[in-house]
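Residue numbers (this note's numbering), protein chains in the order written: chain W, 1 to 410; chain E, 411 to 785; chain U, 786 to 1073.
Beta carbons: idealized from backbone N, C-alpha and C, even for Gly.
To start, the structure itself, in structure tokens.
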Amino acid sequence: MRNSVWRSGAALAALAIALAACGGEAPANESGAAAGGDDTIKVGILHSLSGTMAISEVTVRDAELLAIEEINKAGGVLGKQLVPVVEDGASDWPTFAEKATKLIRQDKVATTFGGWTSASRKAMLPVFERSKALLWYPVQYEGLESSPYIFYTGATTNQQIIPGLDYLKEQGKKKLFLVGSDYVFPRTANKIIKAYAAANGMEILGEEYTPLGHTEYGTLTNKVVQAKPDAVFNTLNGDSNVAFFKQLKSAGVTAEEMPVLSVSVAEEEVTGIGVDNIAGHPVAWNYYQTTDTPANKKFVEAFKARYGAAKVTSDPMEAGYNAVYLWAEAVKKAGTVEVEAVRKAAGGIALERPEGLVTIDGENQHMYKTARIGIIQPDGLIKEVWNSGEPIKPDPYLKGYPWASGLAAG
Amino acid sequence: MNAVTNLARLRGPGIFAVVAALALVVAPLALEPFRLGLLAKYLCFAIVALGIGLAWGQGGMLTLGQGVFFGLGGYAMGMHLKLVEASSLPSSGSSSGGGPALPDFMVWSGVEELPALWAPFADPVFALAMVVAGPVLIATVLGLLVFRQRVRGAYFAILTQALAAAFVILLVGQQGLTGGTNGLTNFFELFGRDLADDSTQRGLYIVVALVLGVLYLGARQLVNSRFGRLLVAVRDGEDRVRFLGYDPAVVKTIVFAISAGMAGLAGALFVPVVGIISPALLGVVPSLELVVAVAVGGRFALAGAVLGAVVMGYAKTSFSEQFADGWLYLQGALFILVMTLAPKGLVGLAASAREALAARRRPAVPASRTVKEIA
Amino acid sequence: MEAFVNQLPIGISIGAVLLLIALGLTFTFGQMGVINMAHGEFIMAGAYTAYLLQDLTGRMAVIVALPVAFAVAGLMGLILERTAIRHFYGRPLDTLLLTWGVSLVLQQLARDLFGAPNVQVQAPAWLQGGIGTLPYNRLFIFVLALLTVAGVWAYLNRTGQGRRMQAVMQNRGLAAVSGIDTGRVDQRTFFIGSGLAGVAGVALTLIGPVGPTLGTYYIVDAFLVVVAGGLGSLLGAVVAAAGLGLLNSYAEFWSDASLAKVIVFAVIVAFLQVRPQGLFVLRSRALS
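In structure tokens form, the structure reads like this:
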């Protein structure tokens, strides 16, 4: 019996290695064939299509695919059609690194659009930097980063968090309570908020973090209610928002007496939270489905026509959609898809996008974006009540803010 | 008859040698670097699986928290690599003044001084020792605590699962120390060699394969020893073993600690191979997935555990490349099928198929009993 | 002192949630030795039942859904028991892995049927508001938990079916030779245990998200309650749930949510050192 196990085990192991070898060859042949055609350009799309982040990231993928389709319909880039290679990051950071490697080395894509969480970006960063390949990252994030091989089309902190604080200050909110999920973005955001508060005569009454996926907010709600802040700054992520807003509402907190400003709740999340529970609370982004620009009218119509009338568009989706157009523009300007040439050409490119004018800052590869504060309406959409007036220059290390000097060491 | 069994006995090691040759010589030559990296990753998981095979298959301890030990090993290695990187890059260290250079994530987490916990990991010998010593120590303490109180079976499984959950929360919560959800990433070199280099990766693969082979042989030796029989006896009748004068708690703790050490070693190898270690790799689900892999391969044979980890790892990669949504269905279904129809896994299936074949060829030998045992 | 008083109802209500999610497990895990990892997905099924019933009943869905969800989740459990689990009795660890596979399939199924984003279940208007720091919906969950426990207790001790169920749990062989159809009892046990998960799911729509991953948020906590309470002990589950709820709320109040979870785990491990079989142990002469 023991020997038979030996043998079968060994035989099957050999089989597995043979399989792995085949697996290695098959796609190689495939890519060889595809590379033969000179009239296409491959681009990678790398988002979580499964796992906890799929809810959010699938919508960004859809927006990016829409942009690719539109560009192809309009004649492509440099006369060539774009061919998307879609990979699943599976809400798992090492998988993002693995799939990024595959896109670059095996599919030899010209650029990649992808990522959502900071963790996925941090996992992919070394891959793109080492391979000198391009990544377009479409989500607002915590700043303090400026990789030469990443373009950041979402907001950095001075285009979302600081305008959010400016808005609260204008509203006369002096005492804040900070609530966030326990990961990098909320912790960094709250550091910035605390520095801002110290410089602007605001008071921070409490700072609380809960594990990702946490759903029990009884105690935290109690802490918030007891502290009696003027407003809550909310950096919770994902499903936690649902539990938090439900339990806050049932504790009798209203948007009038204690507004909760969220930076991770967009049109997509409102239904799941329940409009009842969140209507009237403010959010901070750079784009809403209701943003009134000609480009946005076109984008919303195209998106609904392509994916269904019930779909909503949100800030990260728009940023992903923009990323494809901005890259295409840079390629046109450079006349090639070669990475260094595209990087050089990208600086200064300005396009009218759904959120308004977007300009690439050639220095840190972030975008000039207009900050917008909106209030969640009873119909689930978000109405803009405040904006920064003009696109804000991206400042990922907050060098232009004297009070933030202690934050950006390094 | 004697000659035949001798021949058969030789065949096992013979095939092991063939597989070893395939893994060590053919694979590095035949596979392109990207695929070889993937195979190295599967082999890392296979090392963890080997430990699970020992603890669960042989010892009956269903541990759902191997991710914790994998993580301890991985973080020990990751911390060392981070420190090496920080000290080699003048740019990141300059702003922090006189003290030792800080890893990148500490800078943006607002940590200004290198934590005392980190300092010794700059020494490669200490880091490598901790890779194994950390998990072994924790497993020993935990094992003595729970096994002495005769916590076993389902209780033990649930306890280790909760341990994995709590460990992840702890890691994520200490962002300044551990990098939070991001984990540790962005490594440049390993003992002076550039990690991005293909030859380094090939070398790493061979190291992983060698470690797996050596551990496999060691584990087999253990299972076939007197101690191994005692272990199986504990699995099948703990109280009887106790009546015979042995202390089952000690036996179980030793094996649990060995499996933890294997997981730690695997974690340490995983870090340079994949280039990241993060809490997402250590939680409840990844720990369970490895147990699943062992069950699919065949938990009662060590080769089955290894095989299962490689097959499931490969299946995950190739299926998620093709159709992402279907993977959960397939994984779930595969699992239900294996558990209901072939509880001894692929290895058991192969064995029973061969025995059925042999029985047909030689109808004189009644094979029905063993077949029923397997089914 | 004020904090102490305020946290008390919160702790008890957390305990009520824990009790609701764990009650079904005391049946399937405690009485039958089946580690049902799909228990979380039965909770999810209950929540989605309330979501679907909304179209018919509007805001009363949460009330109407309680019995319906019990039946839906119970039937799912019954199907699972008949098709798979009955082949696994006496192999608890195998059921763990089997049902984990089932839970993966159910999660993906929910994703395909209802979409990946969370859905909304509207609470009845009269559940808005509250007394002091205790919202009405928490009170509702607390009362529901009490009623459920009372119902379960009455069933186990005051009906023939319930007594047979206890008999099978205490000594399967003896029960069988006494003429009890243990197969039938098993089916019933699994039906009720899973059905209770459905009820918990409806209650959870009041305070938490309703989505495909709902079950995964609660499953580990539910098992910890049963382990701490003692296998198959109703009283144990009640005491353990209340204790863990209070511990959780005070630990979180004085530290933070992450640390509270770690503290709870540490306390359970320490507690099992003192009472390895949980709070209340079913007395038995059998060794293992």
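Quiz item: So, using beta-carbon positions, are THR153/W and TYR141/W closer together than 8 Å?
Solution: no
Exercise. Check the Cβ-Cβ distances between GLN892/U and every residue of chain E, and say whether any is below 8 Å.
Key: yes
Exercise. Under 8 Å by Cβ, that's how I've got GLY481/E and PHE577/E pegged, so tell me the actual separation to the nearest angstrom.
Key: 7 Å
Self-check item: DSSP state of PRO682/E mapped onto helix, strand, coil
Solution: helix
Quiz prompt | Proximity test, Cβ basis, 8 Å: GLY685/E and chain W | solution = yes
Quiz item: Quick one: what does DSSP say VAL385/W is sitting in, helix, strand or coil?
Solution: strand
Self-check item: Residues of the segment 165-192 of chain W whose Cβ lies closer than 7 Å to any Cβ of chain E, in chain order
Solution: ASP182, TYR183, VAL184, ARG187, THR188, LYS191
Quiz item: For the candidate residues ALA715/E, LEU767/E, ALA678/E, whose alpha-carbon lies nearest to that of LEU491/E?
Solution: ALA678/E
Practice problem: List the residues of chain W whose Cβ lies closer than 8 Å to the Cβ of ASP654/E, in chain order. | Solution: As written in the sequence, residue 654/E is Leu, which differs from the Asp given in the question. The premise fails here: LEU654/E is roughly 24 Å from chain W at the closest Cβ pair, so nothing lies under 8 Å.
Quiz prompt | Environment of ASN942/U [buried if 16+ CB atoms lie within 10 Å] | solution = exposed
Quiz item: How would you list, in chain order, the residues of chain W whose beta-carbon sits under 8 Å from the beta-carbon of TYR836/U?
Solution: In chain order: nothing, as chain W lies at least about 11 Å away.
Practice problem: Give the residues of chain U in contact with HIS214/W, contact being defined as C-beta atoms less than 7 Å apart. | Solution: ALA1042
Quiz item: Closer than 8 Å, CB to CB, is LYS194/W near chain E or not?
Solution: no
Self-check item: Inter-stretch contact at 8 Å, needing at least 3 Cβ pairs: the segment 166-186 of chain W / the segment 225-233 of chain W
Solution: yes
Practice problem: Going by DSSP, name the residue or residues bridged to MET367/W. | Solution: ILE360/W
Practice problem: Check distances from the C-beta atoms of the segment 554-574 of chain E to those of chain U and list, in chain order, the residues that come in under 8 Å. | Solution: LEU555, VAL556, GLN559, ARG560, VAL561, GLY563, ALA564, TYR565, ALA567, ILE568, LEU569, GLN571, ALA572, LEU573
Quiz prompt | Where GLN377/W sits in the DSSP three-state scheme | solution = coil
Practice problem: Report the rounded CA-to-CA distance for ALA319/W versus ARG645/E, giving the unit in angstroms. | Solution: 57 Å
Quiz item: Which residues in the same chain have their Cβ closer than 8 Å to the Cβ of PHE1038/U, if we skip the five residues on either side of it in sequence?
Solution: ALA788, GLN792
Quiz item: How would you label ASN200/W, buried or exposed, when you count the other beta carbons within 10 angstroms and need 16 or more for buried?
Solution: exposed
Quiz item: How about HIS872/U: is its C-beta nearer than 8 Å to some C-beta of chain E?
Solution: yes
Quiz item: What residue range is occupied by the uninterrupted beta strand (DSSP E) comprising VAL83/W?
Solution: 81-88
Practice problem: Can you give me the start and stop residues for the alpha helix (DSSP H) that THR59/W sits inside? | Solution: 54-73
Exercise. Tell me whether ASN634/E is buried or exposed, calling it buried when 16 or more other Cβ atoms sit within 10 Å of its Cβ.
Key: exposed
Quiz prompt | Beta-bridge pairing of ASN286/W - partner residues as DSSP gives them | solution = DSSP output for ASN286/W lists no bridge partner at all.
Quiz item: Whole-angstrom Cβ separation of LEU411/W and VAL331/W, contact assumed at under 8 Å?
Solution: The requested residue 411/W does not occur in the structure, where chain W is confined to residues 1 to 410.
Quiz item: Is the beta carbon of GLY983/U less than 8 Å from the beta carbon of PHE827/U?
Solution: yes
Self-check item: Contact set for GLN81/W: own chain, Cβ-Cβ below 7 Å, skip 5 residues either direction
Solution: ASP39, THR40, ASN72
Quiz item: Mapping DSSP to helix, strand and coil, what is TYR485/E?
Solution: helix
Self-check item: TYR137/W, enclosing alpha helix (DSSP H) - first and last residue
Solution: Run containing TYR137/W: none in the alpha helix (DSSP H); it sits in the beta strand (DSSP E), 135-137.
Exercise. Going by DSSP, name the residue or residues bridged to PRO294/W.
Key: DSSP output for PRO294/W lists no bridge partner at all.
Self-check item: Residues in the segment 816-834 of chain U having any Cβ partner in chain W nearer than 8 Å
Solution: none
Quiz item: Can you tell me the Cα-Cα spacing of ASP840/U and VAL904/U, whole angstroms?
Solution: 13 Å
Practice problem: Please classify LYS399/W: is it buried, with 16 or more other beta-carbons within 10 angstroms of its beta-carbon, or exposed? | Solution: exposed
Quiz item: So what's THR550/E in DSSP terms, helix, strand or just coil?
Solution: helix
Quiz prompt | Alpha carbon of GLY335/W to alpha carbon of LEU220/W, nearest angstrom | solution = 55 Å
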